[in-house]
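Novice: In the working numbering, the protein residues as written are 298 to 654.
For every residue, glycine included, the Cβ atom is placed at its ideal position computed from N, Cα and C.
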Ligand SMILES: [Zn+2]
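(1) Is residue 586 near ligand 1, with its Cβ less than 8 Å from a heavy atom?
(2) Is the Cβ-Cβ distance between residue 631 and residue 354 less than 9 Å?
(3) By DSSP's criteria, residue 386 is part of a beta bridge. Which residues make up the other side?
(4) Given this structure, state the Cα-to-Cα distance separating residue 705 from residue 501, to the nearest angstrom.
(5) Which whole-angstrom value describes the C-beta separation of residue 532 and residue 510, a residue pair presumed to lie in contact below a C-beta threshold of 8 Å?
(6) Note down, in chain order, each residue of its chain lying with its Cβ closer than 7 Å to the Cβ of residue 651, except the 5 sequence neighbours on either side.
(7) Measuring alpha carbon to alpha carbon, tell me which of 494, 399, 405 ends up nearest residue 461.
(8) Classify residue 536 as buried or exposed, calling it buried when 16 or more other Cβ atoms lie within 10 Å of its own Cβ.
(9) Does ligand 1 have a heavy atom nearer than 8 Å to the CB of residue 495?
(10) Helix, strand or coil: how does DSSP classify residue 538 here?
(11) To the nearest angstrom, report how far apart residue 577 and residue 317 are at their CA atoms.
(12) Assign residue 647 to one of two classes, buried (16 or more other C-beta atoms within 10 Å of its C-beta) or exposed (fewer than that).
(13) Report the three-state DSSP secondary structure of residue 446 (helix, strand or coil).
(14) Near residue 556, which residues of its chain fall below 6 Å by C-beta distance, leaving aside the five closest residues on each side in sequence?
(15) I need the DSSP call for residue 304, collapsed to helix, strand or coil.
(16) In the DSSP assignment, find the beta strand (DSSP E) that holds residue 572 and state where it starts and stops.
(17) How would you write the range of the alpha helix (DSSP H) that residue 326 sits in, first residue to last?
(18) Which residues mark the beginning and the end of the beta strand (DSSP E) in which residue 547 is found?
(19) Is residue 560 near ligand 1, judged by its Cβ being under 8 Å from some heavy atom?
(20) Please list the terminal residues of the continuous alpha helix (DSSP H) segment that includes residue 530.
(21) Can you tell me the Cβ-Cβ gap for residue 386 and residue 337, rounded? I've got them flagged as a contact below 8 Å.
(22) Please classify residue 357 as buried or exposed, where buried requires at least 16 other C-beta atoms within 10 Å of its C-beta.
(23) Can you tell me the Cα-Cα spacing of residue 375 and residue 384, whole angstroms?
(24) Counting Cβ pairs, one atom from each stretch, are 3 or more of them under 8 Å apart for the segment 318-334 and the segment 438-449?
(25) Take the Cβ of residue 600 as the centre, count every other Cβ of all protein chains shown within 10 Å, and call the residue buried at 16 or more, exposed below.
(26) So what does DSSP say about residue 393, is it helix, strand or coil?
(27) Going by DSSP, what residue range makes up the alpha helix (DSSP H) through residue 346?
(28) Does DSSP put residue 401 in a helix, in a strand, or in coil?
(29) Hey, would you say the C-beta of residue 492 is under 8 Å away from at least one heavy atom of ligand 1?
(30) How far does the beta strand (DSSP E) with residue 433 in it reach, from first residue to last?
(31) Going by DSSP, what residue range makes up the beta strand (DSSP E) through residue 466?
(32) Measuring CA to CA, which of 392, 602, 636, 638 is closest to residue 621?
(33) Go ahead and label residue 315 buried or exposed: buried means 16 or more other beta carbons lie within 10 angstroms of its beta carbon, across all protein chains shown.
(34) Is it true that the CB of residue 465 sits closer than 9 Å to the CB of residue 439?
(35) Is it the case that the Cβ atoms of residue 453 and residue 497 are separated by a distance below 9 Å?
(36) Once you ignore the five residues that flank residue 345 on each side, which residues in its own chain have a CB closer than 8 Å to its CB?
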């Protein structure tokens with residue numbers, strides 16, 4: 298019998314069941330960066346339409362925007378925004394009839410106080426309701442030494458595991474810049490762009506005894522969209538890491554690791570399918586849904602240019618209220634996100650696979 302989960306936010310054993318179902322079912326879930334209720338609701342709507350489970354995530358910058366640029370203390374705004382966005386998802390996700398995962402995105406050294414504050418909030422929520430705020434956080438210390446990176450991963454995972462949370466770590470550098478985190482390709486050593494299997498094995502040995510974790514692996518992926526040909530994806534790197542861990546640790550399964558695909562915008566479908574076959578269960582999507590939203594809003598503004606200049610047409614006296622009402626054009630943007638994510642769910646094989654029952 299296949300696993301069924303209660304619709305809504307998944308944490309703890311239910312989150313792990315969802316990740317395992319992806320692996321055994323040979324599919325992955327889109328992990329979409331959100332910045333406001335428009336993007337959150339559109340992501341949930343897409344998941345509902347595709348009958349796919351979904352991952353909703355916030356970067357530090359996205360969380361700050363969610364709370365509002367008017368808050369002067371940006372560190373405080375990052376925490377408030379992430380808490381507020383997560384609570385919004387906890388409130389509405391069940392009504393969309395799918396399973397949702399709540400994640401945070403790249404936290405480098407400077408963003409660790411943000412993650413700790415969110416774990417504080419998660420512990421509080423866990424005490425009160427039995428459920429933490431997020432399903433998993435992400436720590437990205439891939440530019441530091443492996444030792445420094447793993448020491449911090451251990452510290453955080455020891456806090457996360459007792460409240461039913463997971464940790465995404467990064468080994469090897471994903472090129473390109475995302476929300477102020479990341480580096481120019483020219484500045485990175487070439488072998489740092491490809492995760493080394495021996496590093497993955499070291500991470501597995503240290504983290505697996507502490508709790509559930511996933512690995513953002515570098516296999517030539519780059520954040521953002523570049524001209525075709527600039528990026529050479531080598532998903533076989535993931536396979537090598539799976540084999541190294543499976544053989545050394547005698548895990549008894551081919552795919553002991555849970556991989557996350559960053560910087561996948563503009564990737565060929567065949568490479569995505571190959572990566573999913575090697576244990577990728579989460580593929581981050583930001584650039585493509587940003588464009589999908591803005592493209593549709595842009596089209597609407599072009600088609601209704603006068604409604605963005607006049608409340609009443611100066612020649613025909615036609616009132617434009619219905620056209621400039623933000624709900625009209627924000628909805629176009631939402632529809633753009635939905636359409637793009639229906640394609641993503643198909644590409645990742647998650648369409649029709651929701652475990653919600
Ligand atoms: Zn990323």
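Specialist: Reading off the structure:
(1) Translated into positions along the chain shown, residue 586 becomes position 289. No, ligand 1 has no heavy atom inside 8 Å of this Cβ.
(2) The residue given as residue 631 occupies position 334 in the chain shown. The residue given as residue 354 occupies position 57 in the chain shown. Cβ distance not < 9 Å, so residue 631 and residue 354 don't count as in contact.
(3) As a working mapping, residue 386 is identified with position 89 in the chain shown. DSSP output for residue 386 lists no bridge partner at all.
(4) The requested residue 705 is not part of the displayed model; the chain covers only 298 to 654.
(5) Residue numbering aside, residue 532 sits at position 235 when the chain shown is read from its first letter. Residue numbering aside, residue 510 sits at position 213 when the chain shown is read from its first letter. The pair is not a contact, with the Cβ atoms about 20 Å apart (cut-off 8 Å).
(6) Along the chain shown, one-based indexing puts residue 651 at 354. Counting only Cβ-Cβ distances below 7 Å, and skipping sequence neighbours, we find 348, 349, 350, 395, 396.
(7) Working through the chain shown from its first residue, we reach residue 461 at position 164. Out of 494, 399, 405, 399 has the C-alpha closest to the C-alpha of residue 461.
(8) Numbered from its first residue, the chain shown carries residue 536 at position 239. Residue 536 comes out buried.
(9) Your numbering for residue 495 matches position 198 in the chain shown. Because no heavy atom of ligand 1 lies under 8 Å away, the Cβ of residue 495 does not count as near it: no.
(10) Your numbering for residue 538 matches position 241 in the chain shown. Residue 538: helix per DSSP, three-state reduction.
(11) Counted from its first residue, the chain shown places residue 577 at position 280. Counted from its first residue, the chain shown places residue 317 at position 20. Answer to the nearest angstrom: the Cα atoms are 11 Å apart.
(12) The sequence position of residue 647 within the chain shown is 350, counting from 1. With 16 or more Cβ atoms within 10 Å of its Cβ, residue 647 is classed as buried.
(13) For this step, residue 446 is matched to residue 149 along the chain shown. Here residue 446 sits in helix by DSSP.
(14) The residue given as residue 556 occupies position 259 in the chain shown. Closer than 6 Å at the Cβ level, and outside the excluded window around residue 556, lie 512, 514, 535, 576, 577.
(15) To locate residue 304, count along the chain shown from 1; it is residue 7. Coil.
(16) On the chain shown, residue 572 is found 275 positions in, with the first residue counted as 1. Taken as a continuous stretch (DSSP letters only), residue 572 belongs to no beta strand (DSSP E), being part of the alpha helix (DSSP H) at 566-574.
(17) Here residue 326 is taken as the residue at index 29 of the chain shown, counted from 1. Not the alpha helix (DSSP H): residue 326 falls in the beta strand (DSSP E), residues 326-330.
(18) Taking the first residue of the chain shown as position 1, residue 547 is located at position 250. Premise fails: residue 547 is in no beta strand (DSSP E) and is neither H nor E.
(19) Locating residue 560 in the chain shown gives position 263, where the first residue counts as 1. Yes.
(20) Here residue 530 is taken as the residue at index 233 of the chain shown, counted from 1. Per DSSP, residue 530 belongs to no alpha helix (DSSP H) and is neither H nor E.
(21) Walking along the chain shown from the start, residue 386 turns up at place 89. Walking along the chain shown from the start, residue 337 turns up at place 40. Rounded, the Cβ-Cβ distance is 6 Å, consistent with contact.
(22) The residue given as residue 357 occupies position 60 in the chain shown. With 16 or more Cβ atoms within 10 Å of its Cβ, residue 357 is classed as buried.
(23) For this step, residue 375 is matched to residue 78 along the chain shown. For this step, residue 384 is matched to residue 87 along the chain shown. Their backbone Cα atoms lie some 14 Å apart in a straight line.
(24) no
(25) If you number the chain shown from 1, residue 600 lands on position 303. When all chains shown are included, residue 600 counts as exposed.
(26) On the chain shown, residue 393 is found 96 positions in, with the first residue counted as 1. Here residue 393 sits in helix by DSSP.
(27) Here residue 346 refers to the residue found at position 49 when the chain shown is read from its first residue. Its alpha helix (DSSP H) spans residues 334-347.
(28) Here residue 401 is taken as the residue at index 104 of the chain shown, counted from 1. Here residue 401 sits in strand by DSSP.
(29) Taking the first residue of the chain shown as 1, we reach residue 492 at position 195. No - ligand 1 has no heavy atom lying nearer than 8 Å to the Cβ of residue 492.
(30) Start at 1 with the first residue of the chain shown, and residue 433 comes out as number 136. Unbroken beta strand (DSSP E) run through residue 433: 433-436.
(31) The count along the chain shown starts at 1 and reaches residue 466 at position 169. Unbroken beta strand (DSSP E) run through residue 466: 463-468.
(32) By 1-based counting over the chain shown, the position of residue 621 is 324. Here the closest residue by C-alpha is 602.
(33) Translated into the one-based positions of the chain shown, residue 315 becomes position 18. Classification for residue 315: buried.
(34) Position 142 of the chain shown, counted from the first residue, corresponds to residue 439. Position 168 of the chain shown, counted from the first residue, corresponds to residue 465. For residue 439 and residue 465, no; Cβs fall outside 9 Å.
(35) Translated into positions along the chain shown, residue 453 becomes position 156. Translated into positions along the chain shown, residue 497 becomes position 200. No. Outside cutoff.
(36) Here residue 345 refers to the residue found at position 48 when the chain shown is read from its first residue. If we look at residue 345 and ignore the five residues flanking it on each side, its Cβ neighbours are 393, 394, 395.
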